[in-house]
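Written out below as structure tokens is the structure these notes cover.
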Amino acid sequence: MLNAQQDIILEKELEQTLISQGLTGAVWSTVLNGEITTGAVGLKNIVSKEKLSSTDKVQVGSITKTLIALGILRLSSQNKLTIDAPVNTIVPNLQLNNPWATTNPITVRDLLNHTSGLQDAKLWQIFSTKITSTTPLKSIVSEDISVLKVRTKPGTRFSYSNIGYTILGIIIEEITGESYESYLHKNLLAPLGMKHSTFQFTSQTTENADESLAMGHFEDGSTQENVPMHIRAAGQFTTTAHDMALLAKFLLGNGSINEKPFIKKELLNQMGEPTTTDANKHGLSGGYQFGFNHTDRHGVLGYYHSGNIIGYRATFHVFPKEKKAFFISFNMDSEIANYQKFNKIFIDYLKIEKPKKQEIQNSLPNNIEDYYGFYRLNPVRFEVSAYFDLLFNSIKVDAVDNKLKIASLQKKSYYLLPVGENLFKVKNKVKASHVLYEDNKNQIISNGLVTYEKVSILYLSMLWFSFTLGLVGIILVISRGFYLLIQNKLFKKNQILTVPFSAIACLLIPIPFLLTQSILNLGDMTMGNVLLTIVTGIIPLAMIFGLIKARKNKPLKIDVIAILFILQWSIILAYWNLIPFKLWA
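Here the sequence shown is numbered in UniProt numbering, starting from 1 and rising by one per residue.
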């Protein structure tokens with residue numbers, strides 16, 4: 001009776017929070033005392049107003065990685081592959097561009113742990129309508145081998161990589177001789193009893209339509225059916241709340257099914273317990289391993305994976321020590337909703353134990369001044385954003401009283417408290433959340449999932465100076481160009497700003513095309529994307545043309561300076577592969 005009342009209270013609280021956060025619907029499940037409870041709140045489709053049922057199917061995005069990892073661990077438990085085997089021994093024709101191949105080849109473990117050094121993904125691998133549900137996995141590496149560039153020494157630093165998990169799907173296919181979807185359905189989902197789940201593509205509207213699949217939504221209330229994607233092994237999985245609870249029960253066990261060994265216990269116990277990165281070797285316990293993040297939030301410790309796919313968000317938490325778990329999937333992908341509120345509700349409902357927090361030390365390490373200064377992300381998650389990450393996502397570290405202050409342009413400053421010789425934690429964390437260490441005499445700060453390395457203030461200052469000059473140049477050319485246009489002097493024969501001003505004005509041309517195209521076409525060669533490439537590509541050429549014309553005339557110095565300002569920034573952007581700007585590349 002008490003449990004029934006608690007379930008009613010839980011559902012009411014979830015429904016109220018769903019409404020307050022402006023979300024469409026959610027299905028959920030819990031595992032408590034060995035019992036599975038499922039439920040649903042909200043709508044299955046905002047257009048039809050059909051209510052969501054606990055048996056309806058949903059997408060889970062990157063939680064797929066937990067299942068892919070289990071598939072790899074199953075093959076390892078069957079001695080069909082070795083976790084520490086170099087990937088090229090399994091997929092010989094994979095053209096990995098690894099500068100550390102001799103000493104640190106990429107291994108299966110590296111792919112599982114996101115420590116391969118590969119980038120996350122390119123836009124065309126995520127947003128494209130040009131692929132089908134049967135496009136071979138190998139197409140993501142055969143069409144563009146630049147995605148196989150290794151940026152950091154394998155095994156040393158975490159960098160989330162959808163490409164890495166897609167390669168794990170390729171590995172499963174190489175070893176088993178069949179599609180990873182088919183193999184894992186028979187050899188993972190079926191043994192686990194997940195009868196209503198599939199790795200195959202399903203949708204709400206196509207020939208793959210499944211009437212029980214909830215419609216996806218965006219925060220503006222528009223609907224979005226499920227679509228195929230290149231990196232499907234990293235994020236394509238359809239399931240139910242009950243099936244996810246069955247998965248949780250297995251993960252809370254000893255690796256056996258019906259008292260028969262299925263996955264070696266020593267492998268299962270490593271999920272969510274990272275040990276291999278440099279941050280881990282310097283004492284940090286947080287990070288990612290074998291398909292699970294180590295979580296320290298809301299005062300509790302456990303393992304989790306979240307998922308985000310077009311129209312959906314989901315999260316999956318397990319607490320092995322207490323044999324408890326919860327799963328929730330929302331059929332809306334909102335950028336403004338606070339999904340953490342739901343995690344807190346489940347943690348309180350399950351009464352997850354809150355361990356004693358690690359004690360704060362009275363003083364900072366003796367060498368702490370060595371770590372004062374500016375730091376940049378390395379590696380960045382997406383190569384396309386590397387330049388702007390350097391400008392806007394770098395951090396400044398200094399000390400305030402007995403705390404380290406971390407300041408950045410994008411986020412509110414926060415403080416780290418000392419808990420060990422080189423370990424620190426955010427105030428509300430249970431254990432150390434950050435570690436400071438040196439790598440090749442360079443200072444490093446890491447939380448296990450993000451790594452910052454010290455960078456010269458001169459280097460950052462020069463980049464900022466270049467950025468500022470570029471913006472000033474654009475403002476000058478636009479303002480002077482409009483002035484000359486009004487004065488009917490812009491298109492005179494000896495005017496050097498004619499072409500530079502026109503080139504900058506052309507940046508407006510792709511905007512209506514980009515605003516009217518679907519987000520799903522972001523990585524395709526659409527009219528808007530092609531125009532964007534053309535108009536960004538002509539910018540440096542237009543500036544050079546203006547300077548050549550200046551040599552034959554007597555222009556105002558301010559016009560020449562403005563053109564030079566833009567040209568130098570264009571060269572910098574070209575170096576960072578941002579000019580010409582190709583969304584499909």
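No residue lacks a Cβ here, since even glycine has one placed at the ideal position from N, Cα and C.
Residue 378 is positioned such that its CB atom lies no closer than 8 Å to that of residue 276. Counting only the Cα atoms, residue 110 lies some 39 Å from residue 401. In this structure, residue 115 and residue 158 form a Cβ contact; the two beta carbons are roughly 6 Å apart against a cut-off of 8 Å.
When secondary structure is reduced to three states using DSSP, residue 293 falls in the strand class. In the assembly as shown, residue 280 is a buried residue. Its beta-carbon has 16 or more other beta-carbons within 10 Å. When only Cα atoms are considered, residue 384 and residue 260 end up about 47 Å apart. Nearest in C-alpha terms to residue 189, of all of 71, 287 and 223, is 71. The three-state reading of DSSP puts residue 320 in helix, counting H, G and I together. The beta-bridge partner set that DSSP reports for residue 124 is empty. Assignment of beta strand (DSSP E) within the segment 443 to 483, counting only whole runs of 3 or more residues, yields 451 to 455 in chain order. Secondary structure at residue 180: helix, using DSSP grouped into helix, strand and coil.
DSSP lists no bridge partner for residue 204. Taking the Cβ atoms as the reference, residue 197 lies roughly 7 Å from residue 237, within the contact range of under 8 Å. Of the candidates 544, 282 and 343, 343 places its Cα closest to the Cα of residue 301. The closest CA to that of residue 504, considering only 141, 479, 515 and 98, is found on 479.
By the neighbour-count criterion, in which 16 or more other beta carbons inside 10 Å mark a residue as buried, residue 35 falls on the exposed side. Below 8 Å, too few C-beta pairs join the segment 313 to 321 and the segment 281 to 290 to call them touching: fewer than three. In the three-state reduction of the DSSP assignment, residue 376 falls in the strand class, which pools E and B. Counting the other CB atoms within 10 Å of its CB gives residue 340 a total below 16, which places it among the exposed residues. Annotated as proximal: residue 160 and residue 120, with beta-carbon spacing under 8 Å. Three or more beta-carbon pairs separated by less than 8 Å link the segment 133 to 150 to the segment 159 to 174, which places the two stretches in contact. Taking 8 Å as the cut-off, the Cβ atoms of residue 214 and residue 373 do not count as close.
Take residue 347, set aside five residues on each side of it, and the residues of its chain with a beta-carbon closer than 7 Å to its own are 298 and 300, in chain order. In the DSSP assignment, residue 424 falls within the unbroken beta strand (DSSP E) covering 423 to 426. With at least 16 other beta carbons inside 10 angstroms of its own, residue 105 counts as buried. For residue 529, the uninterrupted alpha helix (DSSP H) segment begins and ends at 527 to 551. Taking residue 555 as the centre and dropping the five residues before and after it, the same chain places the C-beta of 496 closer than 7 Å to its C-beta, in chain order.
Rounded to the nearest whole angstrom, the C-alpha separation of residue 382 and residue 128 is 17 Å. When only Cα atoms are considered, residue 257 and residue 239 end up about 20 Å apart. When rounded, the separation of the alpha-carbon atoms in residue 441 and residue 149 is 25 Å. Three or more pairs of CB atoms, one per stretch, sit closer than 8 Å, so the segment 357 to 370 contacts the segment 421 to 441.
Inter-residue distance for residue 28 and residue 326 is about 7 Å (C-alpha atoms, whole angstroms). DSSP places residue 418 inside the beta strand (DSSP E), whose first and last residues are 414 to 418. Boundaries of the alpha helix (DSSP H) around residue 498: 498 to 505. With distances taken between CA atoms, residue 9 lies nearest to 350 out of 350, 575 and 474. Beyond the five residues adjoining it in sequence on each side, residue 219 comes within less than 8 Å, by CB distance, of 22, 332, 333, 334, 335, 336 and 337 in the same chain, given in chain order.
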